[in-house]
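In what follows, a structure is listed as structure tokens, so that the remarks can point back to it.
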């Protein structure tokens, strides 16, 4: 599950501070001497578990065998912390995972090599994913895979409320009406995560977001965002939606798995969680209900970053090329449940995993994370405000986010 920690924010802040103090990130990366002949790549990944670690190690070994190089894949204990330390110590790995929420922090201080235009057919990556890894007009890195949010429905609780498949909501109005029926049946309608990583989808559906598309202008205090938060506030006040804490759960997927809500809004990671912890729950997956401005969801994605200071950049880019072919991405999908970032793999993925269609279709209308540096504390404060949304003032909250964002962006 996408999450953020104080430690991650500290490490990113340390990276920015060390860059500002002259750690050398601003040097022209083209001046970094490159090794010739066979090289030894160091690859640092933020693994979801042993299945992912094994799959990446096997793919790296295959690449090394065919290229004549060597490749060492290391799963990080805390990726953001370890990268921050490696950058500050001027000893980064050659290749590493970069979460989209970190792209602007790393790119803004010159820590990343902007190699995106060197990868074959970069336009084959979903546009929303390319946007997530573009900074100052440059595609910095190739998207590794992604997930989106969708509406997950407990079919037994759905039937208990007298609803059929035809009643699955496709608009906000329909979401409200089915929630009324579900609540009348004695069940909580919707388990909803209490941060922007879930509630933000409503903002996108209303036509809003926290920043402009280029990440340079604050757009939080808008009529569209206000409409979205007022709608979510109504769901909360009417008990049509409840946060996980109110349902004695650590996250919305747990509340859903325990049968405490008929619906939830989560990413495709919920599949593995339900299979492992709640194997008897029957459910279906659907696109999120459209808002006043149409369909909208959020995407969560990671790219293959290449260090600007790497002495093996040519080999590193060649490695990423091998990791992002449609064939290799489908191998990863089978191994540890991710969705391929290349559109050319979409049809094959949907054929093999038809239940995930709503998730992968969401790439066409998904909003990526805020693509601007120095936003950690701003977004954490926004999450705190959202956690009190039921009895809060949405207009005042958005005004505070606007002011804080403008300050972070230097406006």
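In mature numbering (1 follows the signal peptide of the UniProt record, and there is no 0), the protein residues as written are -19 to -1, 1 to 392. Don't be surprised by glycine CBs; every beta carbon is placed ideally from N, CA and C.
Beta strand (DSSP E) segment containing residue i, residue limits
{"i": "residue 135", "result": "123 to 135"}
{"i": "residue 39", "result": "Careful: residue 39 lies outside any beta strand (DSSP E), inside the alpha helix (DSSP H) at 31 to 48."}
{"i": "residue 246", "result": "242 to 248"}
{"i": "residue 22", "result": "21 to 26"}
{"i": "residue 371", "result": "It is not in any beta strand (DSSP E) - residue 371 carries neither H nor E in the DSSP assignment."}
{"i": "residue 92", "result": "Residue 92 -> no beta strand (DSSP E), and no H or E assigned at all."}
{"i": "residue 13", "result": "Premise fails: residue 13 is in no beta strand (DSSP E) and is neither H nor E."}
{"i": "residue 52", "result": "51 to 56"}
{"i": "residue 262", "result": "Counting along the chain, residue 262 falls outside any beta strand (DSSP E), and DSSP gives it neither H nor E."}
Contacting residues, own chain, Cβ-Cβ under 6 Å from residue i (five flanking each side not counted)
{"i": "residue 28", "result": "34 and 56"}
{"i": "residue 391", "result": "none"}
{"i": "residue 47", "result": "none"}
{"i": "residue 156", "result": "150 and 270"}
{"i": "residue 276", "result": "346"}
{"i": "residue 272", "result": "153, 186 and 187"}
{"i": "residue 355", "result": "389"}
{"i": "residue 338", "result": "331"}
{"i": "residue 166", "result": "141 and 142"}
Nearest neighbour of residue i, chosen from the options [CA to CA]
{"i": "residue 20", "options": "31, 44, 39 and 37", "result": "44"}
{"i": "residue 152", "options": "187, 119 and 177", "result": "187"}
{"i": "residue 365", "options": "180, 18 and 167", "result": "180"}
{"i": "residue 73", "options": "229, 362, 164 and 290", "result": "290"}
{"i": "residue 231", "options": "254, 218 and 243", "result": "254"}
{"i": "residue 22", "options": "391, 298, 319 and 381", "result": "298"}
{"i": "residue 240", "options": "161, 149 and 136", "result": "136"}
{"i": "residue 138", "options": "125, 95, 85 and 164", "result": "164"}
{"i": "residue 267", "options": "374, 245, 356 and 86", "result": "245"}
{"i": "residue 103", "options": "305, 300, 67 and 193", "result": "305"}
{"i": "residue 128", "options": "357, 353, 356 and 318", "result": "318"}
{"i": "residue 274", "options": "205, 216 and 242", "result": "205"}
{"i": "residue 66", "options": "311, 339 and 92", "result": "92"}
{"i": "residue 63", "options": "40, 24, 41 and 42", "result": "24"}
{"i": "residue 216", "options": "359, 169, 195 and 140", "result": "169"}
Unbroken alpha helix (DSSP H) run spanning residue i, endpoints
{"i": "residue 235", "result": "233 to 238"}
{"i": "residue 147", "result": "From DSSP, residue 147 is part of no alpha helix (DSSP H); its letter is neither H nor E."}
{"i": "residue 388", "result": "375 to 390"}
{"i": "residue 110", "result": "108 to 113"}
{"i": "residue 255", "result": "251 to 258"}
Same chain, Cβ closer than 8 Å to residue i, five either side skipped, listed in chain order
{"i": "residue 26", "result": "33, 34, 37, 54, 55, 56, 57, 60, 77 and 78"}
{"i": "residue 13", "result": "289, 290, 291, 292 and 294"}
{"i": "residue 238", "result": "254, 255, 258, 259 and 262"}
{"i": "residue 214", "result": "370, 371, 373 and 375"}
{"i": "residue 394", "result": "Residue coverage of the chain in this structure runs from -19 to 392, which leaves residue 394 outside it and unanswerable."}
{"i": "residue 15", "result": "292, 293, 294 and 295"}
{"i": "residue 120", "result": "95, 97, 98, 103, 111 and 114"}
{"i": "residue 309", "result": "40 and 303"}
Close Cβ partners of residue i (< 7 Å) along its chain, the five nearest in sequence each way excluded
{"i": "residue 201", "result": "191, 379, 382, 383 and 386"}
{"i": "residue 341", "result": "320, 327, 330 and 331"}
{"i": "residue 367", "result": "175, 176, 177 and 180"}
{"i": "residue 324", "result": "105 and 107"}
{"i": "residue 162", "result": "142, 143 and 144"}
{"i": "residue 148", "result": "159"}
{"i": "residue 307", "result": "321, 323, 325 and 326"}
{"i": "residue 265", "result": "134 and 136"}
Closer than 7 Å: residue i CB and nearest the ligand FMN heavy atom
{"i": "residue 315", "result": "Ligands in the displayed structure: none, and consequently the ligand FMN is not present."}
CB contact below 8 Å: residue i versus chain D
{"i": "residue 34", "result": "The structure shown has no chain D; it contains just one protein chain."}
Any alpha helix (DSSP H) of 4 or more consecutive residues that is wholly inside the stretch 283 to 369: Qualifying alpha helix (DSSP H) stretches, in chain order: 294 to 304, 307 to 317, 327 to 333, 338 to 342 and 357 to 368.
Do three or more CB pairs link the stretch 278 to 290 to the stretch 345 to 360 at distances below 8 Å? Judged by pairs of C-beta atoms under 8 Å, the stretch 278 to 290 touches the stretch 345 to 360, as three or more such pairs exist.
Just to confirm the assignment: which complete beta strand (DSSP E) runs, minimum length 3, are found wholly within the stretch 157 to 231? Within the stretch 157 to 231, the complete beta strand (DSSP E) runs of at least 3 residues are 169 to 172.
Mind pulling the beta strand (DSSP E) runs of 3 or more residues that sit fully within the stretch 60 to 90? Listed in chain order, the beta strand (DSSP E) elements of length 3 or more contained wholly in the stretch 60 to 90 are 76 to 80.
How about the stretch 166 to 183 and the stretch 209 to 229: do they share at least three Cβ pairs that are nearer than 8 Å? Contact between the stretch 166 to 183 and the stretch 209 to 229 is present, because at least three Cβ pairs lie under 8 Å.
Are the stretch 215 to 235 and the stretch 163 to 173 touching by the rule of at least three beta carbon pairs closer than 8 Å? The stretch 215 to 235, when compared against the stretch 163 to 173, does touch it at the 8 Å Cβ threshold.
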